[in-house]
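When we follow full-length UniProt numbering, the leftmost residue of the sequence shown carries the number 1, and every step to the right adds one. Everything below concerns the one structure shown next.
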Amino acid sequence: MPEFTSNQKAAIKHADHNILVSASAGSGKTTVLVERVIQKLLSTDNPVSLDQLLIVTFTDAAAKEMRDRIEVALKKGISEASQEPIDNERLQALQEQLLILPTANISTLHAFALRLIEHYYHVIDLDPQFRLLADTAEAEMMQNEVLTSLFEDLYANEEYFPELVQLFGKKGDEGITEAVLRLYNFANARADMDAWLDNLAQRYVITDSYTQSAFYQKQLRPLILPRLERAKASLQAAFAEVDAYSDDKSAKKRAEFIAGEIIQVNDLQIKFNDPTSTWDELRQMFNALEWRAIAGRSSKDTDELVKVALERAKNYREQAKEQLQALKDSYFLLDETSLLAVTNKVAKATDHLVTIVKAFNTQFSAFKRQKQVLDFSDLEHFALQILQDEATAKTLQARYREIMVDEYQDINPLQETLLTSLSNGKNMFMVGDVKQSIYGFRLADPSLFMAKYQAYKPWKDENQPAPINERIILPENFRSHKNVTNFTNMIFTQIMNQTLGDLDYDGSAKLVYQAKIYEEVPPVAELLIYLDQDEEGQAKTVPSSDDFDTNDTPEELNNDKTSAQLLIMAEKIKNLVLNGGQRFDKESQQMVNVHWGDIAILEPTRKMNLKLVEIFKAADIPVVVNDADNYFQTVEINIMLSLLQIIDNPNQDIPLAAVLRSPIVGLGENDLARLRTQDMQGNFYVAVTKFMQAYADSTNIITDPAMAAIYEKLAPFFAQFKVWRQLATQNQLVDLIWRIYEETGYFEYVGGMPSGIQRQANLHALYERAKTFETSSYIGLFSFIQYIEQLRKNEKDLASAAVDTSENAVQVMTIHASKGREFPIVFLLDATHQFNVLDLNKGLLIDDQAGVALPYLEPTQRLQIDLPQQAYIKDLAKRRAWAEELRVLYVALTRAEQQLYLVGAYNSNKQLQSRWGGSNHQETMFIDDLTRLGVNNFMDLVGLALLRHPNFPQELFTDIEIKSLPALKDDHSQFIVHTYDRSQVLALTTSQVGTESITTQTQALEIDVDDAQKVAKAQAIMAYQYPHQIATQTTAYQSVSEVKRLFEDPDNLDTMQIKLTADGFAKANRFVDENFAKPKFLEHATKPSSLAVGSATHLVLQALDLQQVVDKTAILACINHLVTQGAILEEVAKQINTQALVQLFTTPFGKLLIHQANTVKREQPFSMLMYAHELYQGYTGGEERVLIHGIMDGYVLTEANEVILFDYKTDFVPKGQVDVLIERYQGQLNLYAVALAKIMKRPVDKKYIVSLALGQVIEVP
């Protein structure tokens, strides 16, 4: 058992009351959770069975890991209990739990809800025949179908609807569709969906003056007051800068000027604190604020220190001006009368929107019931309905002794209600970390965790009664190097607090270093920053993906910050791996060299992956992109989707051109231009069709060689195309895709391209997705194309198909995908990627507490007006988004075990100073909210914190006097900030791809001609001949079909040897068929070949069950089974001569096979060695041997102990001409007999040709 900390022990042992465990990154929460389960199972006082526990995880993978860990722990316990002296009672208990484990309730909440519905569907009168709608794209197609019908009805019957559509803008119904679905999805994550929706419009109802409304008093005023204080503080800072030089005339004048502005802001604060103030009075005071040209300008005689103070004062004043102007523009545009009128109109619009959402919910639910499908939200809602039945709820509450919830910070209100309904009120064990709540886009609500975090109390004295609700904190970090832990703590103690991050990152919220194994490992935390412009603001040109062409000049290189970041990172990684970089190995407990697989690159989005793979490939860095967002961007998938599009509708120019230009057809750009000339008016398909029709008549000779070449490529393609379109009309999507792969050879073609295995896996993934789609509620090619477009539209990529990633390679993944994992070395790439603010600019804003905000569209001028509610909820949404980004950054930094690198790019050093400088001179540990809200990427947030650290490199900032934060003077974080300019990045390009010119010089060979020994040695080298030259004219192996004629007469082996000719290779190296088989994708036969029928017949004879009655019924059943399995094509199966097979088993030999079924061996592969001189005439190369390989149809060992070799033949021969078959196949059977004799270590007694065409069994002499 591992050594647990006191807090971990408490989390393992405390029981019989609700417990919330706040487990920081790397604190071993899963280990603690598993140990808690095991100790409950083994308790001697109050043992619990696994079927009395409900263990809920966030993902299926986490559930599997939990189950696997419990299984390992149980097996270990069983092994220990089995040792002498054997503890039979403990052994039996563990074995029983191991048997229960496969069916134990260890799963996601969705999986548990599904099981609940399957058992109790009758409680809510639900039809038990349903399919889980696991595919979100299919669900979205259903939603769009329902909305289309709903909107048609609204357009026809509701006058308000067109105006509401215009309110949300965008083309057509896109805006209103997005608004309805966003509000539906948000409300659907609540147990009280209808009640919450009904209350939304009420929030806009104001019966008194605006300043007496609940919205103003409880929400707007508390938001504005701190901002006024912040603006005043900025003005006071400006005043302090110049007041220090009051003896200077300019400084004094400016100080007086700013003092007057401070009075104005102070008056505004007083007015806001006056409960009798009206809205119009407040608005009037905001409008009265004057921002005249600042007084107190410097002159050439002004002291330099005063100039600096004047400039700083100006900057502080600008900050105050911006803050106050933002308040005015966001909240005080309208007077009270106009504001109340518009508010009432928005209330009506909100009510209309709610009505539509509720109607959609009703119709969508009915649509799903009609289709007999349930989506994930249905599972939770129906499970909750089941628990609302009192008898059922009591049964389930009595069943579960404890409910354990992992990743509790990621649940939503509906899931919270469901879990508490299952609880008896004192058996909830919840584990999570609000600092790692990063799934807001899935409607996770971290406030649920925080409500318990603040309400639950620690159990400080176990001699006292336990609290009803206990909070246990696991701050210890067993994962990361001390410097990684210190660096993370130093950053987050400044940028995460309750007002922006949901939790004050101090005290017990901080990580506590416990990874003592890294004590002797050097600290590494580095920022790698590219500056895109020089100090004069000129853009710096850096390498792009094409820059690995060493012929490019610097003038030809593109301005590309993405490439610069990747090149900088690639160089750092290569240095780590190739130049002796080391890490600590936990298994060997010593320092080892860094390998590619020790490194993980984490990224905010997947947008850089294509360029990353390109640059890393050029730099010879092996890389595995675990969740690349480029599936639809890959060439092979784009071509296949284009082909499917034109099969559905060929009148689409771009997809058609893509297919004709692809390897499937192989036309060039000039070919496409020539085709276009056939019809300059219609679409491209019309032009191609006219060309094909013009030359379809064999009497119309194509005189232009270029056009003739085009026709030769198009004719076979359009013959296939016609068949594919026919197949598409039969709704055989899977067959269509696979047939395209087979008939075009495209699947094999992409396998020969770079990354061929990955490309083939991508094509196979498309086939599998189509297979899954056919099980949905939609059918046909058109629907499948719409489905794919839905995925593309919502940026829900299928993701590149997974291939084996066990190789030693750098791993690339999103930060979200890295959660729960750890890596020795972590690079946070694109740390300057801007936060996503798209949701903040949408027409509909939603907040759980504040409700919804809609804009108002003025009907005459068509101007959009945002109400204070809109600005307020937008501010809340931004805070919520920034808080989640803080948590994403925390997850990224805490993945690192030993080394941490942050990579980003700024336009210039001036921009970097501007973005990081906002925290300068702030004296509180937490950087204020508005400063943090004023930046928009991870690197900015980190920079705000680093700037105040005593170890910050002062030389990086030339325009700002940096002031360290006294509270950080004892912080031991070590970090380095590297900046790179254009020349440095270009140097990296050269070093990575080796652009140094290579010259070949010819030097005269100095030979002492008088030295006979040297001359003789040189002549011997020049005259050297390979002693085994003749062996190079032969092959190392031969197949039976290639050498069978050697055995046509065993007595004539010498005369039948292969002759080695002078040129050797062309004729003598191997017995081969002179005619190569035509590739399948070039065949255009409409009828199965005799070869295909013969192969299929052999397959049937292999598959027949000889231990059963073999008659026509059995043979037909076998054929049908092979067709179903895809082993035989249906058209080939129809050509099999079933009567000949039936007749075979009526012969004595056929009956022998049935009688001796247990000793019949079919399709027996073999290989044997023959001396080369036995095969090749004139071979004198020694005792080299050649491998002969093949497969014999079968043999049987009879009761008389005879070995009988047999071979099936389907060749047509004239009746009675048995000798033809013997002559044709004697050599082959003789060779088989030699091989079989070696296998059996005894001679073969008889050899039979079984001729199905003649209906005879022929013995071969």
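For every residue, glycine included, the Cβ atom is placed at its ideal position computed from N, Cα and C.
Short of 7 Å in beta carbon distance, which residues of its chain neighbour residue i, apart from the five on each side in sequence? Order them along the chain.
{"i": "PHE718", "result": "MET692"}
{"i": "THR276", "result": "none"}
{"i": "residue 1272", "result": "The structure shown does not extend to residue 1272, since the chain spans only 1 to 1261, so no value can be given for it."}
{"i": "MET640", "result": "LEU763, LEU766"}
{"i": "TYR456", "result": "LEU20, ASN469, GLU470, ARG471"}
With distances taken from CA atoms, which of the options is nearest residue i?
{"i": "LEU845", "options": "VAL180, LEU126, LEU791", "result": "VAL180"}
{"i": "TYR453", "options": "ASP267, LEU384, LEU33, ALA509", "result": "ALA509"}
{"i": "ARG880", "options": "PRO855, ILE788, PHE835", "result": "PHE835"}
{"i": "LEU511", "options": "ALA23, ALA1172, VAL431", "result": "ALA23"}
{"i": "ASP1111", "options": "ALA111, THR1147, ALA295, LYS574", "result": "THR1147"}
{"i": "ASP671", "options": "LEU334, LEU714, GLU636, ASP839", "result": "LEU714"}
{"i": "LYS232", "options": "ALA113, GLN217, ASN266", "result": "ASN266"}
{"i": "LYS314", "options": "SER298, LEU327, ALA326, ASP329", "result": "SER298"}
{"i": "GLY934", "options": "SER919, LEU946, GLU923, LEU947", "result": "SER919"}
{"i": "ASN841", "options": "LEU876, LEU576, GLU71", "result": "LEU876"}
{"i": "residue 1262", "options": "LEU1129, ASN88, VAL72, ASN909", "result": "Missing from the structure shown is residue 1262; the chain here goes from 1 to 1261 and no further."}
{"i": "ILE1222", "options": "THR1198, PRO1261, VAL405", "result": "PRO1261"}
{"i": "PRO458", "options": "PRO446, LEU474, LEU576, LEU448", "result": "LEU474"}
{"i": "LEU50", "options": "MET141, GLU571, ARG67", "result": "ARG67"}
{"i": "LEU567", "options": "THR355, LYS722, LEU829", "result": "LEU829"}
{"i": "ALA251", "options": "ALA240, ASP940, GLU163", "result": "ALA240"}
{"i": "LYS321", "options": "LEU235, PHE584, THR395", "result": "LEU235"}
For residue i, collect the residues of the same chain with a Cβ closer than 8 Å to its Cβ; drop the 5 residues on either side in sequence, then sort them by chain order.
{"i": "LEU930", "result": "ARG227, ARG230, GLN323"}
{"i": "LEU379", "result": "HIS110, ALA113, LEU114, ILE117, LEU132"}
{"i": "ALA770", "result": "LEU733, VAL734, ILE737, PHE784"}
{"i": "LYS1151", "result": "PHE1145"}
{"i": "LYS878", "result": "VAL837, LEU840, LEU933"}
Can you tell me whether residue i is helix, strand or coil according to DSSP?
{"i": "SER908", "result": "coil"}
{"i": "ARG131", "result": "strand"}
{"i": "THR429", "result": "It is Phe, not Thr, that sits at residue 429 in the sequence shown. Correct three-state label for PHE429: strand."}
{"i": "HIS381", "result": "helix"}
{"i": "THR1061", "result": "Confidence at THR1061 is low in this model, with a pLDDT of 43, below 50, so the placement of that residue is unreliable and no value is reported for it."}
{"i": "GLY1190", "result": "strand"}
{"i": "SER480", "result": "coil"}
{"i": "ARG1162", "result": "strand"}
{"i": "MET1170", "result": "strand"}
{"i": "ALA515", "result": "coil"}
{"i": "ALA600", "result": "strand"}
{"i": "PHE272", "result": "helix"}
{"i": "ASP1054", "result": "Since pLDDT at ASP1054 reaches only 41, below the 50 mark, its modelled position is unreliable, and no value is offered."}
{"i": "GLY1150", "result": "helix"}
{"i": "TYR1024", "result": "coil"}
Leaving out five residues on either side along the sequence, give the residues of the same chain with a beta carbon under 6 Å from the beta carbon of residue i.
{"i": "ASP552", "result": "Because ASP552 sits at a pLDDT of 37, beneath the cut-off of 50, its placement in the model cannot be relied upon, and the following sentence gives the value as read from the coordinates. If we look at ASP552 and ignore the five residues flanking it on each side, it has no Cβ neighbours."}
{"i": "SER776", "result": "GLU138"}
{"i": "GLN869", "result": "ALA853"}
Which whole-angstrom value is the C-beta distance of residue i and residue j, which I expect to be below 8 Å?
{"i": "residue 1312", "j": "ILE621", "result": "Nothing can be reported for residue 1312, as the shown portion of the chain is limited to 1 through 1261."}
{"i": "LEU154", "j": "PHE161", "result": "4 Å"}
{"i": "LEU643", "j": "VAL659", "result": "5 Å"}
{"i": "HIS17", "j": "ALA466", "result": "5 Å"}
{"i": "VAL1093", "j": "ILE1136", "result": "6 Å"}
Identify the residues that DSSP records as bridge partners of residue i: which are they?
{"i": "VAL977", "result": "LEU527"}
{"i": "TYR120", "result": "Paired residues: none, contrary to the question."}
{"i": "THR57", "result": "THR108"}
{"i": "LYS457", "result": "GLU470"}
When every heavy atom of the ligand SAH is checked, does at least one fall within less than 7 Å of the C-beta of residue i?
{"i": "ILE960", "result": "In the structure shown, the ligand SAH is absent, as is every other ligand, since no ligand is present at all."}
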